[in-house]
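So the sequences go chain by chain: A and B.
In terms of the numbering used here, the first sequence opens at residue 1 and continues consecutively.
In terms of the numbering used here, the second sequence opens at residue 1001 and continues consecutively.
The C-beta atom is built at its ideal place from N, Cα and C for all residues, glycine as well.
Remember, it's a predicted structure, so these values are computed and weren't measured experimentally.
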Amino acid sequence: MFLQTLITGLSIGGIYALMAVGYSLVFSVLNFSNFAHGAVIMLGAYVGLALATKLSLGFGLVLAGSIAGAGIIAVLNERLAYSSLRRRKAPSLYLMISAMGCAVFLENLVYATIGSRFYAFPEFFGRQVVTLGGSSISLLDVGAFLFALAAILGLHLFINRTRTGIAIRAGVSDMTMCSLMGVDLDRLIAIVFLLAGGFAGVAGVFLGVKYLVYPTMGWVTNKAYIAAVIGGLGSLPGALVGGLLLGIVETFVSTYVSSVLRDVFSFSMLIAFLIWRPNGLLGRDSEEKV
Amino acid sequence: MTTAQGPLFSVKGLTKNFGGIRAVDSFSFDVGEGSITGIIGPNGAGKTTVFNLVTGIYRPTAGTMLFRGEEIGGNRPDSIVRKGIARTFQNIRLFNRRSCLENVLTPLLQREKCSFIGAMLGTPGARRIEKELYGKALDLLSDLGLGKYASYQANTLPYGLQRKLEIARALATDPTLLLLDEPAAGMNPEETRSLANMIAEVRKKFHVTILLIEHHMDLVMNICSPIVVMNFGTLLAKGTPDEVRENPEVVAAYLGKGKRDNERAAG
């Protein structure tokens, strides 16, 4: 029972981490809360669903298609809704309001065109389970956790080793200075949104396979915001740690305390962190950006 | 010293409006290749705005800026840097949480074309390029006397050294024209003197032309020629240090016209 709960927690935590990483990446570069991130996750799930049901593709191709689709949607979202505000150096509140508008718009677009029905992915893994130490563990859960871990490790290498990754890190400290080092900011920001969207696509497919696909499924990103705050806003390792921690705590509360109290616990944790440790577990000092 | 086509950098009729305020008003000046040109003027004269226009942070309202005969007005900052104009800031803007080495490495990397996959996996080819760039970055730091601080976090350096690091980082973009915005701000006379020597050395060693804004008159008068004087966004005077020093308009702009001067003019 304990091991099973832990694995479920890690798998949900892995999905939270995937969502939190994308959200955190955009936050650290553009310094605003991209509330449309959840809508991109939702659209990513629909892209995956279409590939799986209409074209009957296998899981790998569904995942790849969803990553590409959500990545492109995220880039378009930035180009259409944020770039003109950004170029005018608008305060980040304006970007945030624009992001909220995008979230509502995209959700209603899905309501209007696809409808409010709940869809299920085909059974990719059946109900395959492995038995470990007397408890049965779903293969999907293990897979989701391992894939999330690998994807985030890949992003970490990208950010720390490649030319573009190092430019992103420079942009995190000072955008203007970054452009004065010879970095094309429009291209850099497009790459950041492509990455965030790609991660949203992965999260969307895993969420859809684990649960269902529906227009408001993106609001689960609230959990990613909590994960990002717990880990430290703008920190990638923080998003991973925060996501996993939140997933484990939630699953244990559901299993051993009460599933009704699950979200009460999550949001209490958010408030506690904001009061006592606003920089999160691995965040940088908030004084840095003044 | 000018090339056959004319000066290295030439600004004509440069104008910038912020709402109803005209911060720069049909300002024109030339920078000859190899010179150390100084821009001076009272606070709020528009000097830093000129730098922001030249480096593409602001778009000019009107006017032309020719760099090696090519118009750069309205270009993006990154393309202007790639053409060979680099700058430092009045209030130092380093990548504070990064080491000195990483600060200098950032622009070096942006010039390099290294493969994405290679860098991710750390292939021998990518490692070789990386090693080469590390070497270049260390050389640059040593040239500016920062060799032993390579691994220090940038914002832990003393103020004077942070300024040098900013200059090193600007040089890492391989500029032809280097803009220094008040490099001696907050320095004592001794530090200012050593900075003056360093600027002269940098010009020789890196074959750069320098355009600098400065309030320390001894620094400007010692190393700059020609000097361009700005006031209220316009050109007030230009010439050699001696010409500028003797110019009555410049003296008036700096010291204000006293009561006695007015009386004398009336009398």
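Outcome for residue i when other beta-carbon atoms lying within 10 angstroms are tallied against a minimum of 16
i	result
E1071 of chain B	exposed
V1054 of chain B	buried
S266 of chain A	buried
L93 of chain A	exposed
M19 of chain A	buried
N1043 of chain B	exposed
V229 of chain A	buried
S259 of chain A	exposed
D1218 of chain B	exposed
R1128 of chain B	exposed
M175 of chain A	buried
G1073 of chain B	buried
V241 of chain A	buried
S24 of chain A	buried
D1139 of chain B	exposed
Pair within 8 Å by beta-carbon distance, residue i and residue j
i	j	result
I1039 of chain B	S1225 of chain B	no
G218 of chain A	I67 of chain A	no
V40 of chain A	G197 of chain A	yes
A1237 of chain B	N1247 of chain B	yes
G9 of chain A	T221 of chain A	no
A239 of chain A	A17 of chain A	yes
T1015 of chain B	G1046 of chain B	no
E993 of chain B	I1213 of chain B	No answer is possible for residue 993 of chain B: it lies beyond the span of chain B, which begins at 1001 and ends at 1267.
L3 of chain A	S179 of chain A	no
M181 of chain A	Q1110 of chain B	yes
A45 of chain A	V183 of chain A	no
I1167 of chain B	V1202 of chain B	yes
L233 of chain A	G171 of chain A	no
G1013 of chain B	S1028 of chain B	yes
N1155 of chain B	L1094 of chain B	yes
Any chain B beta carbon closer than 8 Å to residue i
i	result
F158 of chain A	yes
S173 of chain A	yes
R86 of chain A	no
L30 of chain A	no
V183 of chain A	yes
S179 of chain A	yes
I166 of chain A	yes
V290 of chain A	Low per-residue confidence applies at V290 of chain A: pLDDT is 29, beneath 50, and the placement is therefore not dependable enough to give any value.
A170 of chain A	yes
R291 of chain A	What is shown of chain A runs 1 to 290, which leaves residue 291 of chain A out entirely.
R161 of chain A	yes
T176 of chain A	yes
Residue i (DSSP reduced to helix, strand or coil)
i	result
Q1153 of chain B	strand
E1182 of chain B	coil
M177 of chain A	helix
N1091 of chain B	coil
N1052 of chain B	helix
K1238 of chain B	strand
Y111 of chain A	helix
L1212 of chain B	strand
N77 of chain A	helix
R161 of chain A	helix
L1014 of chain B	strand
M1187 of chain B	coil
E1071 of chain B	strand
D184 of chain A	coil
E1243 of chain B	helix
F32 of chain A	coil
S1142 of chain B	helix
D1174 of chain B	coil
S116 of chain A	coil
I1057 of chain B	coil
Residue i at chain A interface by Cβ criterion, 8 Å
i	result
D1181 of chain B	no
N1096 of chain B	yes
F1009 of chain B	no
T1003 of chain B	Residue placement at T1003 of chain B is poorly supported in this model, since its pLDDT is 46, which falls under 50; the coordinates are not used for a value here.
L1101 of chain B	no
M1065 of chain B	no
V1081 of chain B	yes
T1173 of chain B	yes
M1198 of chain B	no
For residue j and residue i, believed in contact at Cβ under 8 Å, the rounded distance
i	j	result
G1056 of chain B	I1080 of chain B	4 Å
T292 of chain A	A1119 of chain B	Nothing can be reported for residue 292 of chain A, as the shown portion of chain A is limited to 1 through 290.
L1157 of chain B	L1165 of chain B	6 Å
A81 of chain A	F193 of chain A	About 11 Å separates the two Cβ atoms, so there is no contact after all.
G1147 of chain B	M1187 of chain B	Contact doesn't hold; Cβ gap of about 21 Å is too wide.
M42 of chain A	P215 of chain A	7 Å
Heavy atom of the ligand FMN within 7 Å of residue i beta-carbon
i	result
S11 of chain A	This structure lacks the ligand FMN, and indeed carries no ligand of any kind.
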